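In terms of my numbering, the sequence shown opens at residue 988 and continues consecutively.
Every residue gets a Cβ at the ideal spot worked out from N, C-alpha and C, and that includes glycine.
Here the structure is a predicted model, which is why all the values come from computation and not from measurement.
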Amino acid sequence: MKAASMSRGIGAMSHLRRRLGRRAAFALLAGTGAAAAQPATPWPSRAIRLVVPFAPGGPTDVMARVLAPGLGAALGQPVVVDNRPGGGGNIGVAHVARSAPDGTTLLVTSTGFVVNPSLFRNPGYDPVQDFAPISELGASPNVILARPDSGIGSIAELVERARATPGGLNLANPGTGSTPHLTAELLRLRAGIPFVQIPHNSAALAVQSLLSGTTAVGVTALPPAHAQIKAGTLRALALTGETRWPDLPEVPTMLEIGWPGFVSETFQGFLAPAGTPAPIILRLAREAAAVLGDPAVRARLLAAGFALRANGPEPLAARIAAEVPLWRALIDQAGLQRE
């Protein structure tokens, strides 16, 4: 598969999700026990943990910390964020996969959840079999960044600099298997240029690497870099969404500057262990939608670079089914070795 056709495949994810739609959704929802009885004891009867498989400060952590207070108020129990970074996100995700399906240990994760089974020999979980989707929460384009003092002011200049750098240009990303990591690989394939990818344990650390001068260029999801772009301490060369971002009208998309099909985004998903009773799944989906529907919460997240999508179990189930094979194809095309 050529890089250009791989790019078109990623850009067509929304169409694939719609096409897979209900069949994939019902297959995944079967693991929740859709016809299961109500929980034997009232739920929730104790505190709920939202496991985030990354260090604090990244977009997934931000989403979980916005969700937790409103969810706790609605459910009448404390909801705490439990950061479990490591292994490219695998440690935290596998912990939830092994947890009791009682609705008290939940997962807030990102696109790496569907990427890692193709990137790691033993990630410790299966994204389809081990989880019950609750809802998408949000999504954002990725952004290709440069330090303002780097002399790189456009994608064309980035490509030129990379070609002129012996051994390849160092590029910061939030971690192996993250969507920004694979977005940089897609750029490498499409442009035929070398990069030395420098993975970090979180998006916040990748941004700090740029700000400190450790690296001159990087790729992250939009939210962790949004404030720095607005302040002028980082330069956004291009976004990987289909349209420009509302409060960054000066930043072009890759599509606009002549890269057909170059679309990728980072999404946040909300999931429970497989076997969690369907009434719990549906209640969590309903309450998450209510929290993210609050005008103050929406304004805060939109200003931070998130597009909100509290849309219930079926769209997330379809997205998982659609994206696993697409990212696997890009990983194979890029020649990335399984760890």
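Buried or exposed: where does residue i fall if 16 or more other Cβ atoms within 10 Å of its Cβ makes it buried?
i, result
"Q1324", "exposed"
"G1018", "Caution applies to G1018, whose pLDDT of 43 falls short of 50 and renders its modelled position unreliable; the model cannot decide the point."
"A1034", "exposed"
"I1268", "buried"
"R1010", "Because R1010 sits at a pLDDT of 38, beneath the cut-off of 50, its placement in the model cannot be relied upon, and the point is left open."
"I1244", "exposed"
"S1199", "exposed"
"T1230", "exposed"
"R1036", "buried"
"E1237", "exposed"
"R1108", "exposed"
"T1263", "buried"
"A1143", "exposed"
"V1194", "buried"
"A1272", "buried"
So, under 8 Å CB-CB, residue i and residue j are touching, yes? Tell me the CB distance rounded to an integer number of Å.
i, j, result
"P1404", "P1211", "Nothing about residue 1404 can be read from this structure; the chain reaches only from 988 to 1326."
"A1061", "A1277", "7 Å"
"A1297", "S1122", "5 Å"
"A1291", "H1187", "No, A1291 and H1187 are not in contact; Cβ-Cβ is about 19 Å, not under 8 Å."
"L1258", "V1250", "Not confirmed; about 24 Å, so no contact."
"A1133", "L1224", "6 Å"
"T1163", "T1253", "Rounded, the Cβ-Cβ distance is 15 Å, inconsistent with contact."
"G1125", "Q1215", "With a Cβ gap of about 20 Å, G1125 and Q1215 do not count as contacting."
"W1314", "V1053", "Actually they are not in contact, since the Cβ atoms of W1314 and V1053 sit about 26 Å apart, beyond 8 Å."
Would you give the residue range spanned by the beta strand (DSSP E) that residue i belongs to?
i, result
"G1280", "No beta strand (DSSP E) contains G1280, which is instead part of the alpha helix (DSSP H) from A1265 to G1280."
"T1170", "It is not in any beta strand (DSSP E) - T1170 instead sits in the alpha helix (DSSP H) that spans T1166 to A1178."
"E1123", "F1118 to A1133"
Going by DSSP, what residues sit across from residue i in a beta bridge?
i, result
"D1069", "V1038"
"P1302", "Answer by DSSP bridge pairing: none, since P1302 is not bridged."
"I1185", "A1159"
"A1294", "A1126"
With respect to the alpha helix (DSSP H) encompassing residue i, which residues constitute its N-terminal and C-terminal limits?
i, result
"D1111", "A small correction: the amino acid at residue 1111 is Gly; Asp does not occupy that position in the sequence shown. Note, G1111: premise wrong, no alpha helix (DSSP H); not H, not E."
"L1094", "Counting along the chain, L1094 falls outside any alpha helix (DSSP H), though it belongs to the beta strand (DSSP E) covering T1092 to S1097."
"A1081", "N1077 to A1084"
"T1047", "P1046 to L1062"
"V1146", "I1142 to A1151"
Let me know the alpha helix (DSSP H) ranges lying completely inside the region 1187-1266, each 4 residues or longer, listed in chain order. Every alpha helix (DSSP H) stretch that sits fully inside the region 1187-1266 and reaches 4 residues is listed by chain position as 1190-1199 and 1209-1218.
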